[in-house]
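S.K.: Below you will find the structure I want to go over with you.
Protein chains: 2
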Amino acid sequence: MKGISIKDIAKQAGVSPTTVSFVLNGKAKEKRISDQVSKKIQKIAGKLKYKPNQLARGLRTGKTKTIGLIVEDIANSFFATLAKVVEDEADKFGYKVLYGSTEDNTEKAKGLLEVLKYRQVDGYIITPTKNLDKEIEQLQSAGKPIVLVDRYFPQMPSHYVVVDNYKGAYDATAHLAAQGYQKIGIVTTTSDQVQMKDRLDGYADALKAAGIAYNKALVKKLPFDLDKEGSNEEIKKFLKGSKGLDAVFFATNYLGIRGIESIRSLEWQIGKQIGVVCFDDHDIFRLYTPAITCVAQPIQEIGQQLVNILMKELNHPSAALQQVVLPLNLMLRPSSQHT
Amino acid sequence: MKGISIKDIAKQAGVSPTTVSFVLNGKAKEKRISDQVSKKIQKIAGKLKYKPNQLARGLRTGKTKTIGLIVEDIANSFFATLAKVVEDEADKFGYKVLYGSTEDNTEKAKGLLEVLKYRQVDGYIITPTKNLDKEIEQLQSAGKPIVLVDRYFPQMPSHYVVVDNYKGAYDATAHLAAQGYQKIGIVTTTSDQVQMKDRLDGYADALKAAGIAYNKALVKKLPFDLDKEGSNEEIKKFLKGSKGLDAVFFATNYLGIRGIESIRSLEWQIGKQIGVVCFDDHDIFRLYTPAITCVAQPIQEIGQQLVNILMKELNHPSAALQQVVLPLNLMLRPSSQHT
DNA sequence: CCGGCGTACTTTAACGTTTTAGCTGATTAT
DNA sequence: ATAATCAGCTAAAACGTTAAAGTACGCCGG
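One line per chain: the protein sequences are A and B, in this order. So the mapping is simple: my numbering equals the position in the first sequence, first residue as 1, plus 125. So the mapping is simple: my numbering equals the position in the second sequence, first residue as 1, plus 125.
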């Protein structure tokens, strides 16, 4: 059960393994192998269903045709969908994907990088955690192509594909204000990475523009690793404790889900008693009654850009940084509309 | 930027690469390497942060410490969550995961198997598609450990981890009947694989046991690859067309989600006008108003069993087939209760 | 008729590891 | 005294592939 090797083909064709390698790598012309021999080898290879051993090839060439995908949480619908797009796109180029979840934990992320590195992946798509810049820089200077996603390090040059978090949050908040909501809160994460900072800034600036004073008491930050029950408690406490609060912006999809759950257990009427907008779309937001207004990310586009940039870098590395900021789409639904 | 190899260590320690290999593979005692040399090598390896090249090792040993995970759709929450559990569990054994989605398409599945095979994965966890048994048997007889999940081929011996689909569907349907629903429909897939067959049988037998006649007109089957809009249309047509229908059992999570959407657009009251139960749990079912009764799968347990069985087979293959059928949990919620 | 060139390949080495067989020198047994 | 044993290592081959360098042969020009 050893699998067919280039040697088997060589033997059958009565030529050397090198010749077989040349032919099967499309270098027949370049290496002046006769058409006769070339065809014979092709035929035998087809008959034996020869598949090159990627390990041997990788060992020799230093290329594994594998990319590492590091996300925050593969079980989260945003990242799961992204993973699928990445898988499909990479497949078009003959690449496979090795993935891992960081749980937003820098140590876990470092561990993943370590493992992917000694598995010799050719390139990386990374949702970085807080202090991962050192490790990423190291990989970069080792010549490994890396594209960041969802967030990046403002002080560190790198390729990235992100969305316009500031504008997304601004539009969402401005929309709430335009609907007549007065006391608008935000539930976000404790993370001070750029994507969350931008969302908070967008929220704050939109309030200002609407003539509403920014009130620190209306900003609730929750740590990523707080469990569902804990978050729900915190959110409920926040909602109940903020007298006069009439709308809230949830800054991530899982916070929005927990927010809905919390509001529900308080028996408040979404849309009437409290306006709700969430970052990220999700089946739940579309289906909930009332449906939840959200800022939808173009996941398909993000995934395609990621893989395209990575492939470009893999094939001809350039000095130019690819930094893509994609627009978001505010999906208006009843949860944010007074009736 | 070549990376540290065993040779570098050997040079620094003034010994041969072989000795280094012995020591780093824990064979120092067995191969009678002196403690002195052993420690020196360990120290140098630590200092240089040596990581063995998995390609070279794999080429030599035939083991890649990688498993292939083939699911129906990684973007589906059930499979995404399962993938995460598998990843975590495999990691405990030092294994990485290569994954792929079949979209329930046999050709795509064959392609995935092909790719994983020539990437030399050590073992497979597979959600098989309809006609994949030949390919799987071939892999098995090539000595590759395989564990099936979610479904299996009754006529083909194999390891598998599934849930008690029959009982789950039976309990769900019996519950509807016990709540006084009389005309109970089912929306399922056109698949005739065992997991769907069992669900349909459970549904039918529960009806019989409740003294309700099985009515073929109340069974709606939809193909997997029908898109969201198409499914919604079909479901609406089915619901409206079945006069007197007072409850419906959705046989998969995505059908349930589409079902809710359809019922919503018909403006029927779930629970009152129509009882609803769904196979699989999902955030949506918990959060929807009214919350949706469902048959929850023990995803954590499934993933752990899968990896444990696979690891056992990888380390000491046995003749005994591991076939695990896990119990399901009926989560009672308002969607199935007359008030 | 001899060097040079083009054609059509082959030989060899290398990637980094593991494994088998073996080598050297010292100690023990006979 | 000599053979067998043992400790403590090393040399070399192998996994399957690719790349650089080489070979053998025919043909042409001078």
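Every residue, glycine too, gets a C-beta built ideally from N, C-alpha and C.
(1) How many whole angstroms separate the CB atoms of residue 347 of chain B and residue 315 of chain B, which I take to be in contact at a CB cut-off of 8 Å?
(2) How far does the beta strand (DSSP E) with residue 300 of chain A in it extend, from its first residue to its last?
(3) With 16 other CB atoms within 10 Å as the buried threshold, where does residue 245 of chain B fall?
(4) Just confirm the distance between the C-beta atoms of residue 200 of chain A and residue 209 of chain B, as a whole number of angstroms; I'd bet it's less than 8 Å.
(5) Within a Cβ cutoff of 7 Å, which residues of the same chain sit near residue 383 of chain B, ignoring the five residues on either side of it in sequence?
(6) Is any beta-carbon of chain B found at less than 8 Å from that of residue 370 of chain A?
(7) On the three-state DSSP scale, how would you describe residue 257 of chain A?
(8) Using a C-beta to C-beta distance shorter than 7 Å, which residues of chain B count as neighbours of residue 409 of chain A?
(9) Listed from N- to C-terminal order along the chain, which residues in the stretch 419 to 446 of chain A have their beta-carbon within a distance smaller than 9 Å of any beta-carbon of chain B?
(10) With a floor of 4 residues, list each alpha helix (DSSP H) that falls wholly inside the stretch 170 to 226 of chain B, ordered by position along the chain.
(11) Let me make sure I understand the geometry here. Which of B:400, B:140, B:248 has the alpha-carbon closest to that of residue 441 of chain B?
(12) Identify the contact partners of residue 458 of chain A in chain B, using a Cβ-Cβ distance below 9 Å as the criterion.
(13) Ignoring anything shorter than 3 residues or poking outside the stretch 304 to 388 of chain A, list the beta strand (DSSP E) runs there in chain order.
(14) Return the residue from the list A:330, A:180, A:343, A:397 that minimises the CA-CA distance to residue 459 of chain A.
(15) If you draw a straight line from the alpha carbon of residue 171 of chain B to that of residue 129 of chain B, how long is it in whole angstroms?
(16) Could you give the first and the last residue of the continuous alpha helix (DSSP H) run that contains residue 281 of chain B?
(17) Using beta-carbon positions only, say whether residue 376 of chain B and residue 313 of chain B come within less than 8 Å of one another.
(18) Specify whether the stretch 315 to 326 of chain B and the stretch 268 to 283 of chain B touch according to this definition: at least 3 beta carbon pairs, one from each stretch, less than 8 Å apart.
(19) Spatial neighbours of residue 342 of chain B within its chain, please: CB distance less than 7 Å, with the 5 preceding and 5 following residues excluded, ordered by chain position.
(20) Would you kindly check if the distance between the Cβ of residue 431 of chain B and the Cβ of residue 196 of chain B is under 8 Å?
(21) Indicate whether at least one CB of chain A lies closer than 8 Å to the CB of residue 320 of chain B.
(22) Measuring straight from C-alpha to C-alpha, what distance separates residue 190 of chain A and residue 219 of chain A?
(23) Return the first residue and the last residue of the beta strand (DSSP E) that residue 448 of chain B is part of.
(24) Residue 382 of chain A touches chain B at which residues, Cβ-Cβ below 8 Å?
(25) Taking Cβ-Cβ distances shorter than 7 Å, what residues in chain A pair up with residue 240 of chain B?
(26) List, in order along the chain, the chain A residues whose C-beta lies closer than 9 Å to that of residue 212 of chain B?
(27) Using a Cβ-Cβ distance under 8 Å, would residue 167 of chain A count as near chain B?
(28) Using a Cβ-Cβ distance under 8 Å, would residue 385 of chain A count as near chain B?
(29) Relative to the C-alpha of residue 145 of chain B, which residue among B:187, B:156, B:160, B:166 is closest?
(30) Taking just the CA atoms, how far does residue 446 of chain A sit from residue 256 of chain A?
(31) Can you tell which of B:260, B:226, B:402, B:325 has its C-alpha closest to the C-alpha of residue 306 of chain B?
(32) Closest by CA to residue 294 of chain B, which one among B:329, B:423, B:349, B:386?
(33) With 16 as the cutoff for other CB atoms within 10 Å, does residue 143 of chain B come out buried or exposed?
(34) Counting only beta-carbon atoms, is residue 465 of chain B nearer than 8 Å to chain A?
(35) So, is residue 266 of chain A buried or exposed, given that buried needs 16 or more other C-beta atoms within 10 angstroms?
(36) So what does residue 402 of chain B bridge to, in DSSP terms?
M.R.: For this structure:
(1) One-based indexing of the second sequence puts residue 347 of chain B at position 222. One-based indexing of the second sequence puts residue 315 of chain B at position 190. That pair is a contact at about 7 Å.
(2) Taking the first residue of the first sequence as 1, we reach residue 300 of chain A at position 175. No beta strand (DSSP E) holds residue 300 of chain A; the alpha helix (DSSP H) holding it covers 290 to 303.
(3) Counting from 1 along the second sequence, the entry for residue 245 of chain B is found at position 120. When all chains shown are included, residue 245 of chain B counts as buried.
(4) Position 75 of the first sequence, counted from the start, is the residue given in the question as residue 200 of chain A. Position 84 of the second sequence, counted from the start, is the residue given in the question as residue 209 of chain B. Taking 8 Å as the upper bound for CB-CB distance, residue 200 of chain A and residue 209 of chain B are in contact here, some 4 Å apart.
(5) Taking the second sequence and counting its residues from 1, one reaches residue 383 of chain B at position 258. Cβ within range, chain order: 353, 356, 357, 360.
(6) Mapped onto the first sequence, residue 370 of chain A falls at position 245. No, residue 370 of chain A lies away from the interface with chain B (no Cβ there is under 8 Å from its Cβ).
(7) The residue labelled residue 257 of chain A in the question sits at position 132 within the first sequence. Residue 257 of chain A: coil per DSSP, three-state reduction.
(8) Taking the first residue of the first sequence as position 1, residue 409 of chain A is located at position 284. Those within 7 Å of residue 409 of chain A in chain B are 408, 409, 412.
(9) none
(10) 179 to 186, 202 to 217
(11) For the purposes of this step, residue 441 of chain B is taken as the residue at position 316 of the second sequence. Nearest C-alpha to residue 441 of chain B: B:248.
(12) What you label residue 458 of chain A is simply residue 333 of the first sequence in a count that begins at 1. Residues of chain B passing the Cβ test: none, with the nearest at roughly 13 Å.
(13) 309 to 314, 344 to 347, 372 to 375
(14) If you number the first sequence from 1, residue 459 of chain A lands on position 334. Out of A:330, A:180, A:343, A:397, A:397 has the C-alpha closest to the C-alpha of residue 459 of chain A.
(15) Counting from 1 along the second sequence, the entry for residue 171 of chain B is found at position 46. Counting from 1 along the second sequence, the entry for residue 129 of chain B is found at position 4. Looking at the two C-alpha atoms, the distance is approximately 11 Å.
(16) For the purposes of this step, residue 281 of chain B is identified with residue 156 of the second sequence, where counting begins at 1. Run containing residue 281 of chain B: none; DSSP gives neither H nor E here.
(17) Counting from one through the second sequence, the residue named residue 376 of chain B turns up at place 251. Counting from one through the second sequence, the residue named residue 313 of chain B turns up at place 188. Yes, the pair counts as a contact, with Cβ atoms nearer than the cut-off.
(18) yes
(19) Along the second sequence, read from residue 1 onward, the residue named residue 342 of chain B stands at position 217. Excluding residues within five positions, the ones whose Cβ falls inside 7 Å are 367.
(20) Stepping through the second sequence from its first residue, residue 196 of chain B is reached at position 71. Stepping through the second sequence from its first residue, residue 431 of chain B is reached at position 306. No, they are not a contact pair.
(21) Taking the first residue of the second sequence as position 1, residue 320 of chain B is located at position 195. Cβ-Cβ to chain A under 8 Å: no for residue 320 of chain B.
(22) In the first sequence, counting from the first residue as 1, residue 190 of chain A sits at position 65. In the first sequence, counting from the first residue as 1, residue 219 of chain A sits at position 94. Between residue 190 of chain A and residue 219 of chain A, the C-alpha separation is close to 7 Å.
(23) Locating residue 448 of chain B in the second sequence gives position 323, where the first residue counts as 1. Counting along the chain, the beta strand (DSSP E) containing residue 448 of chain B begins and ends at 448 to 451.
(24) Along the first sequence, read from residue 1 onward, the residue named residue 382 of chain A stands at position 257. 408, 412, listed in chain order.
(25) Here residue 240 of chain B refers to the residue found at position 115 when the second sequence is read from its first residue. Result: 221.
(26) Reading the second sequence from its first residue, position 87 is the one you call residue 212 of chain B. Simply 199, 224, 225, 226.
(27) Numbered from its first residue, the first sequence carries residue 167 of chain A at position 42. No, no contact with chain B.
(28) What you label residue 385 of chain A is simply residue 260 of the first sequence in a count that begins at 1. Residue 385 of chain A belongs to the set of residues whose beta carbon lies under 8 Å from a beta carbon in chain B.
(29) Along the second sequence, read from residue 1 onward, the residue named residue 145 of chain B stands at position 20. Among B:187, B:156, B:160, B:166, the Cα nearest to that of residue 145 of chain B belongs to B:166.
(30) As a first step, residue 256 of chain A must be located in the first sequence, where it is residue number 131. As a first step, residue 446 of chain A must be located in the first sequence, where it is residue number 321. One C-alpha to the other measures close to 21 Å.
(31) The count along the second sequence starts at 1 and reaches residue 306 of chain B at position 181. Among B:260, B:226, B:402, B:325, the Cα nearest to that of residue 306 of chain B is on B:402.
(32) On the second sequence, residue 294 of chain B is found 169 positions in, with the first residue counted as 1. Per the Cα distances, B:329.
(33) Within the second sequence, numbered from 1, the residue matching residue 143 of chain B stands at position 18. It counts as exposed.
(34) The structure shown does not extend to residue 465 of chain B, since chain B is modelled only from 126 through 464, so no value can be given for it.
(35) Here residue 266 of chain A corresponds to residue number 141 of the first sequence, with the count starting at 1. Residue 266 of chain A should be labelled exposed.
(36) Reading the second sequence from its first residue, position 277 is the one you call residue 402 of chain B. Bridge partners of residue 402 of chain B: B:374, B:418.
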